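Chemist:
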Amino acid sequence: MLDELIMKNRSYRKFAQVKIDCNTINNILRILRFIPSAKNAQPLKYIASCNEEKNEQIFSTLKWAGYLTDWDGPDKSQRPSAYIVILQDKNISNDNFVLTDAGIALQTILLKSVEMGLGGCTIAAIDKPRLSSILKLKDNLEILYVVAIGKPAETIKIVDAKNDIKYYRINNIHYVPKRSLSELIYAIIE
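Everything in the sequence shown is counted per full-length UniProt numbering, starting at 1 for the first residue and increasing by one.
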């Protein structure tokens with residue numbers, strides 16, 4: 001079952017215009033209380049938006065799909081219905097372990113979304129000062145990532161990486177090259 005969720009979990013960048021209510025997003029956030037945290041510090045905080053107006057403001061601070069240089073992100077009819085902003089509370093922890101915690105949180109958010117029939121995309125290219133202002137964040141809260149969430153409206157295919165790992169689109173299909181297992185495993189020591 002976990003294998004299936006992982007294989008369905010892709011970086012979706014086009015979404016059907018299906019409203020996601022805050023109860024659905026709360027079901028995703030609820031499980032984050034139980035994820036591991038370095039030193040059990042639990043420095044991550046979350047802001048969720050299911051509000052169309054706020055979503056438009058959040059969208060305006062994001063850069064989508066760095067390898068697709070001729071694409072500015074989904075048009076208005078393909079945008080996500082919700083966002084989760086992952087924050088670091090620097091009053092709790094200001095060390096690099098927070099990035100490990102954030103990675104665990106990101107994977108958990110995305111897998112839970114897939115389990116619920118949704119999809120998402122992790123975004124790190126963010127105009128953080130502007131988004132901080134939009135969200136009226138206190139100085140101790142630093143934006144780490146934004147996760148776009150919605151009902152996927154694109155086909156994504158995994159292909160074997162040949163010479164390049166850059167994702168690309170052909171005929172509205174999003175191709176994602178993946179390295180072979182032999183390239184990933186450095187050694188297995190028996």
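We put the beta carbon where it would ideally sit given N, CA and C, even for glycine.
Predicted model only: the values in this text are computed from it and were never measured.
1. Do you know whose CA, among LYS136, ASN9, ILE84, ILE173, lies nearest LEU44's CA?
2. Where does ASP101 land, buried or exposed, given buried means 16+ other C-beta within 10 angstroms?
3. Checking 9 Å against the spacing of the C-beta atoms, do SER11 and GLY120 come in under that value?
4. Which two residues bound the contiguous alpha helix (DSSP H) that contains SER49?
5. Does the separation of the CB atoms of LEU118 and ILE20 fall below 9 Å?
6. ASP95 and ALA38: beta carbons closer than 9 Å?
7. Are PRO80 and ASN51 closer than 9 Å when you measure CB to CB?
8. Considering just the uninterrupted stretch of the beta strand (DSSP E) at VAL159, what are its terminal residues?
9. Quick check: the Cα distance between ALA161 and ARG179, rounded to an integer number of angstroms?
10. Going straight from the alpha carbon of LEU131 to that of THR61, what length do you get?
11. Can you tell which of ILE170, ILE189, ILE156, LYS166 has its C-alpha closest to the C-alpha of LYS14?
12. Compute the distance between the beta-carbons of ASN91 and ASN26, then report whether it is under 9 Å.
13. Can you tell which of LYS63, PHE34, ILE104 has the C-alpha that lies nearest to the C-alpha of ALA148?
14. Residues in the same chain with beta-carbon distance under 7 Å from SER113, minus the five sequence neighbours each way, listed in chain order, please.
15. CB VAL146 to CB ILE86, shorter than 9 Å?
Modeler: From the atom records:
1. ILE84
2. Within 10 angstroms of the beta-carbon of ASP101 lie 16 or more other beta-carbons, which makes it buried.
3. yes
4. Unbroken run through SER49 is the beta strand (DSSP E), 44-49; no alpha helix (DSSP H).
5. yes
6. Yes. Within cutoff.
7. no
8. 155-160
9. 5 Å
10. If you take the alpha carbons of LEU131 and THR61, they lie about 6 Å apart.
11. It is ILE156 whose Cα lies nearest to the Cα of LYS14.
12. Judged by beta-carbon spacing, ASN26 lies beyond the 9 Å limit of ASN91, meaning their Cβ atoms are not closer than that value.
13. Here the closest residue by C-alpha is LYS63.
14. So the list reads ILE28, GLY119, GLY120, ILE149, once near-sequence residues are dropped.
15. yes
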